[in-house]
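*Asks:*
Residue numbers (this note's numbering): 3 to 248.
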């Protein structure tokens with residue numbers, strides 16, 4: 003019985019809270035718009051745009067006069083994973099630094115690269131991301147060239163082919179203003195909803211006859227509605243008392 007009562011009270015409280023939020027919908031809408039505008043402006047003015055450039059390696063080489071057999075394909079599949087692991091090793095990164103005369107450490111350079119191998123393929127994608135589109139293209143192309151010349155000697159395998167050379171980025175890769183706008187809108191909405199919910203939970207005053215019955219189990223016999231005449235009378239009484247004191 004007590005469990006049922008508790009559940010009913012919880013449902014009523016949640017319903018009241020929902021009504022409270024709906025009553026203040028204009029505050030929620032205002033904060034939603036404000037959050038969207040503010041985070042979008044932050045991304046636009048304070049986050050430097052980045053640019054991607056991608057080169058691709060095809061890790062399959064023919065073993066018999068340019069005829070690719072099943073053994074070559076299976077070997078290429080296993081080599082792709084090896085290339086992906088070794089391309090971000092310190093020897094390769096140092097070769098890229100020397101090739102482009104970069105003033106950075108291998109660890110710094112490593113953070114600018116991302117490698118990916120699409121499923122069921124022997125293609126290795128090399129993507130460089132920086133704030134300079136020319137540098138991104140140079141990094142992606144240099145990594146592909148170093149991988150083709152250095153790694154086959156190290157691994158004692160045939161060299162892969164460059165399937166796609168890096169090119170200059172035509173558009174920004176980030177930040178995504180749409181993403182920041184959506185995140186800002188949700189943050190503004192949740193913050194305002196949290197404030198309204200806190201106000202509701204901290205408010206222990208009695209507003210209606212239903213509140214009396216819900217909290218104290220007492221049914222009021224009657225209620226006195228608000229009246230402008232009563233308000234005017236109270237103001238006259240207070241004014242009269244002040245005048246009498248003077």
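Every residue gets a Cβ at the ideal spot worked out from N, C-alpha and C, and that includes glycine.
What's the gap between the Cα of residue 148 and the Cα of residue 88?
*Replies:* Rounded to whole angstroms, residue 148 to residue 88 spans 11 Å at the Cα level.
*Asks:* Any idea what DSSP makes of residue 90, helix, strand or coil?
*Replies:* Three-state DSSP puts residue 90 in coil, outside helix and strand.
*Asks:* Looking at residue 175 and residue 131, is the spacing between their C-beta atoms short of 8 Å?
*Replies:* Cβ distance < 8 Å, so residue 131 and residue 175 count as in contact.
*Asks:* Is the stretch 51-63 touching the stretch 115-129, taking contact as three or more C-beta pairs under 8 Å?
*Replies:* At 8 Å Cβ cutoff, the stretches touch.
*Asks:* Measuring only the C-alpha atoms, how far is residue 146 from residue 95?
*Replies:* Cα-Cα distance, rounded: 11 Å.
*Asks:* Just mark residue 83 as buried or exposed, buried being the case when its beta carbon has 16 or more other beta carbons within 10 Å.
*Replies:* Exposed, because fewer than 16 other Cβ atoms sit within 10 Å of the Cβ of residue 83.
*Asks:* Taking all protein chains shown into account, decide if residue 91 is buried (16 or more other Cβ within 10 angstroms of its Cβ) or exposed.
*Replies:* Exposed is the call here.
*Asks:* At the level of alpha carbons, what is the spacing between residue 42 and residue 180?
*Replies:* Those two C-alpha atoms are separated by around 8 Å.
*Asks:* Spell out the partners DSSP gives residue 55 in its beta bridges.
*Replies:* The partner list for residue 55 (beta bridge, DSSP) reads 130.
*Asks:* Have a look at the DSSP bridge pairing and note the partners of residue 116.
*Replies:* Paired residue(s): 129.
*Asks:* In terms of residues, what are the limits of the beta strand (DSSP E) holding residue 164?
*Replies:* Run containing residue 164: 163-166, per the beta strand (DSSP E) assignment.
*Asks:* How do the stretch 186-197 and the stretch 23-31 stand: do at least 3 beta-carbon pairs fall below 8 Å, yes or no?
*Replies:* Short answer: they touch.
*Asks:* Taking C-beta to C-beta, are residue 187 and residue 34 nearer than 8 Å?
*Replies:* Closer than 8 Å, so yes.
*Asks:* What's the gap between the Cα of residue 106 and the Cα of residue 113?
*Replies:* Using only the alpha carbons, I get a separation of about 11 Å.
*Asks:* In terms of alpha-carbon separation, which member of 118, 39, 136 lies closest to residue 173?
*Replies:* The shortest C-alpha separation from residue 173 is found at 136.
*Asks:* Considering only their Cβ atoms, is the gap separating residue 45 from residue 182 smaller than 8 Å?
*Replies:* Yes.
*Asks:* Name the one or two DSSP bridge partners that residue 176 has.
*Replies:* Paired residue(s): 52.
*Asks:* Rounded to a whole number of angstroms, what is the C-alpha to C-alpha distance between residue 98 and residue 141?
*Replies:* Spanning the two alpha carbons is a distance of roughly 8 Å.
*Asks:* Find the nearest neighbour of residue 139 within the set 170, 190, 20, 116, judged by alpha-carbon distance.
*Replies:* Ranking 170, 190, 20, 116 by Cα distance to residue 139 puts 170 first.
*Asks:* Please go through the same chain and pick out, in chain order, the residues whose beta-carbon is closer than 7 Å to the beta-carbon of residue 40, but skip the five residues on each side of it.
*Replies:* Excluding residues within five positions, the ones whose Cβ falls inside 7 Å are 186.
*Asks:* To the nearest angstrom, report how far apart residue 177 and residue 143 are at their CA atoms.
*Replies:* In a straight line, the C-alpha of residue 177 is about 24 Å away from that of residue 143.
*Asks:* Is it the case that the Cβ atoms of residue 202 and residue 17 are separated by a distance below 8 Å?
*Replies:* Their beta carbons are not under 8 Å apart, which means residue 202 does not touch residue 17 by this criterion.
*Asks:* Is it buried or exposed for residue 158, if we count other Cβ within 10 angstroms and need 16 for buried?
*Replies:* Burial call: exposed.
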